[in-house]
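See structure below.
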Amino acid sequence: MKIIGKMNYSERTINLNSFLTDIQSSFKDSDDFFSLPIRLIGAEYYILGLNSLIDLTKTNELLTQTSQVLIDESKWNQPNVEESISEILNGKLIIYHFDNHHNYILDPVPKTLSRSIDKPANQNILQGPQKSFIEELDTNLGMMRKQIISNNLRTKTFIIGDDQPKEVAILYLEGITDVDFVTELVSQIEIHKSKNIAHLQDVSRVLGFSKVNLIPKFNTSEIPQEAAAYLNKGRILIFLDGLPFALVLPHLFTDMFFQQNDHNFSYLIMYAIRLLRILGAFTAVIFPALYVAVVAVNPELLKIELALSIAYSREGVPYPAFIEIILMLLILELILEASIRLPASIGPTITMVGGIIIGQAVVEAKLVSNILIIVISATLIANSTVVGFQNNFTLRIFKYVIVSVAAVYGLLGTLLGVVFFSAYLSSKTIYGTPYVNIFEGGEKSG
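Position one of the sequence shown corresponds to residue 8 (the numbering used here), numbered consecutively onward.
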């Protein structure tokens, strides 16, 4: 193969037919676009593509090795400008025959733009495989094929978005997953497949979920072993090209406490760990409200020694218990947000030192009580015991609701808040599956 030469845009548009001219005009403002005349197997061709997606040197070697394939004219197509532009944007190489005005679409040698398979970044695995999904859709699907070697594993792919198309794939196990569930989900995607997807809010919109949701409609997993376990329970996995995790539908209340990695321990340890997570979620929601209830509304519920100890610790505090705890909870939220945004090398140190300094300073300044610092610390630790960071946000939001009711009605308000919380969760369904489901697998009721 011989590259005849690279011409500038004004030179290469002269005396060319409309196909090449239209393609070159579409990419005239893209400096990574190339249109090169080449001589191959005794004929003149043009190759068109994007330097940013194609390794041109290695692709030239590939063309030399496979040049005999180009002799087979049955594989050549009539040129279509729109389809060719789409193929170029997807990283394909267009080979255009200058004499008979046909083109050939070739899979070139791509540039390495994705990272290798690594350990999970957001999910800790104590015992089990240390592989996680990456941003490449094909790689993630291959990892799932390796995890579940079964002819019942079904994969459906969709191109979603008119202006900025992205590839989406859904996976399910035939014979285990509810057929109506699959049909409804596919229909929902087909209806909204013209909408562009840039983030998870767009995914929720395509799946038909309401914008106002206090509970996450889908769970996320970056571990192939855990994703395979969800498939075996009748769930559906959604992979989006560019996202390094799987979306699990439907998301259930039990996902807060049950994790596939738990099965790598003995039964007694597994149930003990899950019980700790349930107690942690209960503590995170109830503990702040109990503090406000027994300090501000129902101090008579405490033993006299404990009541005197709390009263002594709050001596000189100028705020009521409700304002006191709301201020500290907001500071805690700021610390959590800062720990996420700061670089990993300095984030934990700054937030830990900042938390210690702030906690000690506010106590010495008599702005809050010592016992409140204990309550806030216990709440933070307990909130982190649930599985999935998206579930943490749900608990953090409901915590404020129950605290507000407890500030007015005391212990009765705390109980009312728990009842409201339970009723709200019980009223939610995801594609016909109750969110609070007594079955771990998530079978539909009825």
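Backbone N, C-alpha and C define an ideal beta-carbon position, used for all residues, glycine too.
Contact belief for residue i with residue j at Cβ below 8 Å, rounded distance in angstroms
{"i": "Y438", "j": "P251", "result": "Between P251 and Y438 the Cβ distance is about 25 Å, and since that is not below 8 Å, they are no contact."}
{"i": "D62", "j": "V116", "result": "5 Å"}
{"i": "A389", "j": "A291", "result": "4 Å"}
{"i": "E229", "j": "F140", "result": "5 Å"}
{"i": "S157", "j": "I92", "result": "Wrong, their Cβ atoms sit about 39 Å apart, outside the cutoff."}
{"i": "H108", "j": "N24", "result": "6 Å"}
{"i": "Y179", "j": "L238", "result": "7 Å"}
Residues of its chain near residue i, where Cβ-Cβ distance is below 6 Å and the 5 sequence neighbours each way are ignored
{"i": "T358", "result": "I342, A345 and S346"}
{"i": "E181", "result": "N159 and R161"}
{"i": "F329", "result": "V299 and A414"}
{"i": "D29", "result": "V88"}
{"i": "T119", "result": "none"}
{"i": "L309", "result": "V301"}
{"i": "F26", "result": "P86"}
DSSP beta-bridge partners of residue i
{"i": "T227", "result": "L254"}
{"i": "G56", "result": "F41"}
{"i": "N110", "result": "N84 and Y103"}
{"i": "V175", "result": "F165 and L247"}
{"i": "A3", "result": "Residue 3 lies beyond the residue range present for the chain, which begins at 8 and ends at 453; the question has no answer from this structure."}
{"i": "T28", "result": "DSSP lists no partner for T28."}
{"i": "P117", "result": "I61"}
{"i": "I437", "result": "T440"}
{"i": "L180", "result": "L160"}
Euclidean distance between Cα positions of residue i and residue j
{"i": "K65", "j": "I102", "result": "16 Å"}
{"i": "F428", "j": "V410", "result": "12 Å"}
{"i": "A368", "j": "A205", "result": "43 Å"}
{"i": "L47", "j": "S37", "result": "26 Å"}
{"i": "F260", "j": "N147", "result": "26 Å"}
{"i": "L350", "j": "G417", "result": "In the sequence under discussion, the amino acid at residue 350 is Pro, which differs from the Leu named in the question. Going from the Cα of P350 to the Cα of G417 covers about 41 Å."}
{"i": "Q85", "j": "N97", "result": "19 Å"}
{"i": "A303", "j": "P327", "result": "7 Å"}
{"i": "I317", "j": "R212", "result": "49 Å"}
{"i": "D58", "j": "L113", "result": "Position check: residue 58 holds Asn in this sequence, whereas Asp was assumed. Their Cα atoms are separated by approximately 15 Å."}
{"i": "L69", "j": "F246", "result": "31 Å"}
{"i": "L422", "j": "A296", "result": "10 Å"}
{"i": "K224", "j": "S201", "result": "22 Å"}
{"i": "E331", "j": "L432", "result": "29 Å"}
{"i": "L313", "j": "L379", "result": "14 Å"}
{"i": "D185", "j": "G241", "result": "7 Å"}
{"i": "V193", "j": "L207", "result": "18 Å"}
{"i": "L402", "j": "V382", "result": "16 Å"}
{"i": "T356", "j": "Q267", "result": "32 Å"}
Close-in-space but distant-in-sequence residues of the same chain around residue i (CB under 8 Å, 5 per side omitted)
{"i": "N142", "result": "With the sequence shown as reference, residue 142 is identified as Glu, and Asn is not the correct amino acid for it. Taken in chain order, the residues that qualify are S121, R122, D248, G249, L250 and P251."}
{"i": "V408", "result": "G424, F427 and F428"}
{"i": "T436", "result": "Y442"}
{"i": "N377", "result": "S320 and V370"}
{"i": "G149", "result": "none"}
{"i": "I196", "result": "F165, I167, V175, I177, V213 and L214"}
{"i": "D209", "result": "K202 and N203"}
{"i": "I280", "result": "D269 and F272"}
Sequence-distant residues of the same chain with beta carbon closer than 7 Å to residue i, five excluded per side
{"i": "R19", "result": "Because the pLDDT at R19 is just 40, under 50, the model does not fix this residue reliably, and the value given afterwards should be weighed accordingly. Answer for R19: Q31 and S42, listed in chain order."}
{"i": "Q520", "result": "In the structure displayed, the chain extends from 8 to 453; residue 520 sits before or after that span and is not available."}
{"i": "I338", "result": "I365"}
{"i": "I285", "result": "F264"}
{"i": "K373", "result": "G323 and V324"}
{"i": "N226", "result": "V255, H258, D262 and G395"}
Of all the beta strand (DSSP E) runs that stay within the bounds of the region 244-274, which reach a length of 3 or more residues? 253-256
Would you mind listing the alpha helix (DSSP H) stretches within the region 348-434 that are 4+ residues and don't spill past its ends, in chain order? 354-371, 377-390 and 396-433
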